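Beneath this line is the structure, given in structure tokens, with notes to follow.
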Amino acid sequence: MTQKIFNSILFTAIITNAVTIVLINLFDGDIIMNIGIFTVSVLIGIVSALRRSRKITRPLVEVNPDNPKINYSEIIPLINKIRLQKGKIRRQSNEVQSGREQLSLIMENMSEGIVIADPKTNILSCNTGALKLLGTENVGAGDSIYLLNNTEIFRRCIQDAMGGRNSTCILKTSGGDREIIASPSNITDTVNGIVVFILDVTERQQLETMRREFTSNVSHELKTPLTTIYGISDMLVNGIVKPEDTGNFVQNIRSEAERLIILINDIVSLSKLDENSVPRDDTGTDLYVLAEKVIDRLRHSADEKNIELSLTGEHIELTGNRTVLDEIIYNLCDNAIKYNNKDSGHVEVKVSHIPTKILVTVSDDGMGIPPEHINRIFERFYRVDKSHSRQIKGTGLGLSIVKHGVMYHNGNIRVESTVGKGSSFIVEFPIEKR
Ligand code: ADP
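Counting from 568, one number per residue, gives the positions in the sequence shown under this note's numbering.
Encoded structure:
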């Protein structure tokens, strides 16, 4: 190419000189004419040089690095370099693009909400999880973050983060409880924006409420018999009780102490199940044999009420925890006796199976459970009729232990009950694959 440009300039100079010489000879002696001829020749030279150099550089301007028709060998290394560079840029931009797509895919498929906002509280990015959790629609980049939620508590949380402090709050929405975690993003001392995480904490809040209620119920339940024991023993110590009444008072202390022991045992059983600290047995338990033993232990209290106890079904083994299985059957049978009619009641325990499940059914023909209470009887300390239940001893924890024990064995429990006719508690365990 250098050669071509050199040739072109040389050619133009020769032509221009030749024309100038010819014309100067023609108009010999006329100075003005000669100056004119010289000027025209220079102009012709410039135009001609421009046209030729453009012609030479045109292939260079029009060169396509992807499909080069290269006329000049000198630029081939340059074109190769450009081509390599172009490939590198394309690869990097593909990586950036796929990274961006992956990030937005992850954000869109998160159940948690993420919102990024600028220092003016305008949304820069907001995923679908955030909209769903806050129950809003049609809010997105460019909108004010307060369109997501306009409550005072949310505003305060966002403003705290905008002020450079990490901030959290719990929002009560129609869809449940949401935890908002707002965190400022600082470069140097100024807040450049905030990141807001939105989490569904409905279950956690419910558990927290349950835990609080449980603690207060336990304290109450423990306090009642202890107060009685303290009161009676105080009277006995101070000699207020007549000698002939002493027996009754001592008996009261004993039964309150018994109540305490049952309550504490129930609490211990429940907390073991709660903590997942119940070990699995190495061997299976024959549920029929287990039910037989439970019935033997309850025979005395059934006889006291003249209630008939029966067991039917087949020998089926289940591997889990024998003590927990015992507690399940014991609590169900104990209730079937307690909430049954004196002198005319029947309790039937049946161990059976269907192709996919092992069934343990405890049925009675006692008082039954009103439909509005059925869903609540498995709650801790829940008793259907508190005044009636006062005569029937119980902690209100039996069915909670049953439910958690069944869950421990990956089973479930159903209740069928009619007031005045009786109840059936049907426990279903999955059949073990051998
Ligand atoms: P409790 O110690 O009071 O028996 P549970 O948790 O075992 O506590 O039972 C909760 C409530 O469910 C009982 O207070 C009772 O009202 C009701 N219940 C349980 N089993 C029966 C049943 N077989 N028949 C009628 N009511 C029952």
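Yeah, the Cβ is synthetic: ideal placement off N, Cα and C, and Gly gets one too. The structure displayed is predicted, hence computed values, not measured ones.
Distance cut-off 7 Å: residue i Cβ against heavy atoms of the ligand ADP
| i | result |
| --- | --- |
| Ser990 | yes |
| Met934 | yes |
| Val891 | no |
| Lys687 | no |
| Asn694 | no |
| Tyr855 | no |
| Ile944 | yes |
| Thr985 | no |
| Arg778 | no |
| Gly965 | yes |
| Asn784 | no |
| Ala903 | yes |
| Tyr906 | yes |
| Arg864 | no |
| Asn898 | yes |
| Val951 | yes |
| Asp931 | yes |
| Thr928 | no |
Residue from the options whose Cα sits closest to the Cα of residue i
| i | options | result |
| --- | --- | --- |
| Ser967 | Ile834, Glu881 and Ser786 | Ile834 |
| Leu610 | Ile582, Thr624 and Glu679 | Ile582 |
| Val918 | Lys909, Ile820, Ser930 and Gly887 | Ser930 |
| Thr513 | Ala616, Thr587 and Ser615 | What the structure shows of the chain is the stretch from 568 to 1001, and residue 513 is not part of that stretch, so it cannot be assessed. |
| Lys988 | His913, Ser678 and Met674 | His913 |
| Val927 | Ala585, Glu915, Asn907 and Asn908 | Glu915 |
| Gln818 | Ile862, Asn805, Glu770 and Ser800 | Ser800 |
| Ile646 | Val630, Val861, Asn717 and Arg866 | Val630 |
| Tyr855 | Glu881, Leu593, Pro938 and Lys924 | Glu881 |
| Ile925 | Ser911, Glu939 and Lys1000 | Lys1000 |
| Thr740 | Asp767, Thr755 and Arg618 | Asp767 |
| Ile642 | Ala585, Thr769, Val973 and Thr624 | Thr624 |
| Ile998 | Ile980, Leu885, Cys900 and Asn815 | Leu885 |
Nonlocal neighbours in the same chain, by C-beta distance under 6 Å from residue i, ignoring five residues either side
| i | result |
| --- | --- |
| Glu788 | Leu830 |
| Lys905 | Ile959 |
| Arg943 | Tyr949 |
| Ser984 | Gly935, Ile936 and Ser990 |
| Asn733 | Ser750 |
| Ala869 | Leu876 and Ile904 |
| Val982 | Ile941 and Phe992 |
Residue i in three-state terms, based on DSSP
| i | result |
| --- | --- |
| Ile683 | strand |
| Lys699 | helix |
| Thr718 | coil |
| Gly972 | helix |
| Ser844 | coil |
| Thr776 | helix |
| Ile754 | strand |
| Ala585 | helix |
| Lys917 | strand |
| Glu788 | helix |
| Thr782 | helix |
| Val808 | coil |
| Phe996 | strand |
| Asn979 | strand |
| Asp744 | strand |
Contacting residues, own chain, Cβ-Cβ under 7 Å from residue i (five flanking each side not counted)
| i | result |
| --- | --- |
| Ala697 | Gly680, Ile681, Val682, Leu715 and Ile765 |
| Pro686 | Met729, Val758, Asn759 and Gly760 |
| Val785 | Ile834 |
| Ile747 | Phe721, Cys724, Thr735, Cys736, Leu738, Val763 and Ile765 |
| Glu823 | Pro792, Thr795 and Ile796 |
| Leu837 | Leu964, Ser967, Ile968 and His971 |
| Val845 | Lys839, Asn888, Val891 and Tyr975 |
| Thr718 | Leu738 |
| Gly731 | Pro751, Asn753 and Val758 |
| Gly702 | Thr740, Ser741 and Gly742 |
Neighbourhood of residue i by C-beta distance below 8 Å, restricted to the same chain and skipping five residues each side
| i | result |
| --- | --- |
| Thr688 | Ser711, Ile712, Tyr713, Ile725 and Met729 |
| Lys809 | none |
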